Amino acid sequence: MTERARSPHNPQDTHGAPQQSPQDAPSVQNAPMAPPLRNAGTSGRAQPDTGRAAPDAVSCTGLSYSFGRTKAVDGIDLSVASGEVFGLLGPNGAGKSTAIRCLTTLLPVPYGMVRIFGHDAARERMSVRRLLGYVPQQLSADASLTGRENVALFARLFDVRRRERRARVTLALEAVGLADAADRMAGTYSGGMVRRLELAQALVSAPRLLMLDEPTIGLDPIARTSVWKHITAIRAATGMTVLVTTHYMDEADQYCDRVALMHRGRIRALGTPEQLKAALRDRDDTGHDGGDGRAAPTLEDVFRDVVGGDLGGALGGAGSTGENGAGEEGGDFRDVLRTRRTASRVG
Ligand SMILES: Nc1ncnc2c1ncn2[C@@H]1O[C@H](COP(=O)(O)OP(=O)(O)OP(=O)(O)O)[C@@H](O)[C@H]1O
Ligand SMILES: [Mg+2]
Numbered sequence: 009m010t011e012r013a014r015s016p017h018n019p020q021d022t023h024g025a026p027q028q029s030p031q032d033a034p035s036v037q038n039a040p041m042a043p044p045l046r047n048a049g050t051s052g053r054a055q056p057d058t059g060r061a062a063p064d065a066v067s068c069t070g071l072s073y074s075f076g077r078t079k080a081v082d083g084i085d086l087s088v089a090s091g092e093v094f095g096l097l098g099p100n101g102a103g104k105s106t107a108i109r110c111l112t113t114l115l116p117v118p119y120g121m122v123r124i125f126g127h128d129a130a131r132e133r134m135s136v137r138r139l140l141g142y143v144p145q146q147l148s149a150d151a152s153l154t155g156r157e158n159v160a161l162f163a164r165l166f167d168v169r170r171r172e173r174r175a176r177v178t179l180a181l182e183a184v185g186l187a188d189a190a191d192r193m194a195g196t197y198s199g200g201m202v203r204r205l206e207l208a209q210a211l212v213s214a215p216r217l218l219m220l221d222e223p224t225i226g227l228d229p230i231a232r233t234s235v236w237k238h239i240t241a242i243r244a245a246t247g248m249t250v251l252v253t254t255h256y257m258d259e260a261d262q263y264c265d266r267v268a269l270m271h272r273g274r275i276r277a278l279g280t281p282e283q284l285k286a287a288l289r290d291r292d293d294t295g296h297d298g299g300d301g302r303a304a305p306t307l308e309d310v311f312r313d314v315v316g317g318d319l320g321g322a323l324g325g326a327g328s329t330g331e332n333g334a335g336e337e338g339g340d341f342r343d344v345l346r347t348r349r350t351a352s353r354v355g
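So in my numbering the end of the sequence shown lands on 355, straight run, no missing numbers.
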C-alpha cells in the first residue's frame, strides 16, 4: 500500500534482538508502550513465523472487554495490514480506547484472540509490546521536563540502547518538528507541540505499529494538520503501521486508508472512506445520491447513517475547532491537560 523506506531515525544497523524486555509500564494509563528498536525495514513485514505469508499488523477476532457490567468492547473482528493507516472511529463511549488498550496488552484479553504481527497478545505479551508505540488519550508528557528530557525518559523506559539514546532522541524530536524547542520546558509548549512531543516519545524506540488514541483531540485545525503532517511523513519514511482513533471524520477521510465505524462496543461498518461513502451514495433512500445537486455524502453522513441519530455532539466534523479556537497551535499545556481530563471523564 505504501512505499517502505528506511527510517531516518530507525537505522538498519540496530535491528538486533531487543536487549531485554521493557518492564510493564509504570503507569499503564499514561505510558506509551514502545519496544526497543525493531525497524519495519525495507520490507515493512514482520517475520515471527517462517514459511508463511507475512501476518497482518493487527488481527483480532471476537475481542470483548467488560468493565463490570459495562460491555465496552463487544466481539470485534479486525485486521489491519502492515503499512496501513487504519482509523477506529466512533462517538464517546464507543469502546475505541478500550479496544486499543486490549491491542496494546495494557488490558488483558479475556475473550477473543488478538495477534500483533502474528504474536498472540495473551501469551506473548512482551513480544507484542516490543513492536508497539502507543500514545494514550490521556496526557503522557511531563510539564516540568524539557521536550528532550521527556523523550529521553521514554528512551530509557523502553530500553533504547544507551549508546544510541542521545541520537535517537534527537532524531525523534526532529521527526516531529520539535528540534528547536527541544530544550524548552514542555510546560511552555502549545497544545499541538505537546501532542507532537508525545508522538516523539512513542517513536523513540522505532515501533512497527503505532497506536494513537485521539492524537488531535482538543486541537485547533492548524495544530491538527501539523500533527497529521508529521504522522504521515514518519509513516512514509518508516513504513510503520498506524492505528488511530478519532472523532474527527474529516481527518479519517483524509488520512486513513481504511476505517472501522464503532458504536456501543461493536464495529458497524468497515472499509475505505470512499467505499463507505459510495455505498451510502448508491443507496436509494438516503437522499445522498450526489448526482442531483445534493451534496455528496461525507464520512460523517456515513456514520450518522450507520449508528443512527443518537450521536449528539460527539462527532467532530470538518471545521470543528475543539476548545481552543484557531490561530494558536492548540492552546497551551494547561489546555491540553483540561481537554484530556474532560475527554477521559466523558469516556
Ligand atoms: N476504567 C473504566 N471503568 C469503568 N468503565 C469504563 C472504564 N473505561 C471505559 N469505561 C466504559 O467503557 C465504555 C467504552 O469506553 P471507551 O473509553 O473505550 O470509549 P471511547 O470510544 O474511547 O470513548 P471516547 O471517545 O470518549 O474516548 C464506556 O461506556 C465507558 O464509560
Ligand atoms: Mg477514548
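Each residue gets a CB set at the ideal place from its N, CA and C atoms; glycine is no exception. None of these values were measured; they are calculated from a predicted model.
- Short note on Ser105: C-beta closer than 8 Å to some heavy atom of ligand 1.
- With a 10 Å radius around the Cβ and a threshold of 16 neighbouring Cβ atoms, Phe94 comes out buried.
- By DSSP's assignment, Asp82 forms a beta bridge with Ser72.
- In chain order, Ala163 place their CB closer than 6 Å to the CB of Arg173, counting only its own chain and leaving out the 5 sequence neighbours on each side.
- Beta-bridge partners of Ser90 (DSSP): none assigned.
- Per DSSP, the unbroken beta strand (DSSP E) holding Val252 starts and ends at 249 to 254.
- Below 8 Å, enough C-beta pairs join the segment 185 to 194 and the segment 139 to 156 to call them touching: three or more.
- Only residues of its own chain outside the window of five on either side were considered, and among them Leu269, Met270, Val314, Val315 have a CB closer than 8 Å to the CB of Arg276, listed in chain order.
- Taking C-beta atoms as the reference points, Thr254 and Ile225 count as a pair closer than 9 Å.
- Of the candidates Gly76, Ser87, Ile124, Ser213, the residue whose Cα lies closest to the Cα of Val143 is Ser213.
- Between Cys68 and Leu96, the C-beta spacing is not below 9 Å.
- Here the distance from the Cβ of Thr196 to the nearest heavy atom of ligand 2 is not below 8 Å.
- The three-state reading of DSSP puts Ile239 in helix, counting H, G and I together.
- Per DSSP, Met270 lies in no alpha helix (DSSP H); the unbroken beta strand (DSSP E) holding it starts and ends at 266 to 271.
- With a threshold of 8 Å, the Cβ atom of Asp309 does not count as near ligand 2, since no heavy atom of the ligand is closer than that.
- A distance below 6 Å between beta-carbons, with the five flanking residues on each side excluded, links Cys264 to the following residues of its chain, in chain order: Val93, Gly95.
- For Arg169, the secondary structure class from DSSP, reduced to helix, strand or coil, is coil.
- Pairing Val235 with Arg203, the inter-Cα distance amounts to about 7 Å.
- Proximity of the beta carbon of Thr233 to ligand 1 is not indicated: no heavy atom of the ligand is located closer than 8 Å.
- Rounded to the nearest angstrom, the Cβ distance from Ser105 to Asp228 is 22 Å, too far for a contact under 8 Å.
- In the three-state reduction of the DSSP assignment, Ile108 falls in the helix class.
- Secondary structure at Asp221: strand, using DSSP grouped into helix, strand and coil.
- If the five residues before and after Arg274 are omitted, its C-beta is found closer than 6 Å to the C-beta atoms of Asp82, all from its own chain and listed in chain order.
- The C-alpha of Arg123 is placed about 9 Å away from the C-alpha of Ala130.
- Not one heavy atom of ligand 1 lies closer than 8 Å to the C-beta of His127.
- Taking 8 Å as the upper bound for CB-CB distance, Glu259 and Arg232 are in contact here, some 7 Å apart.
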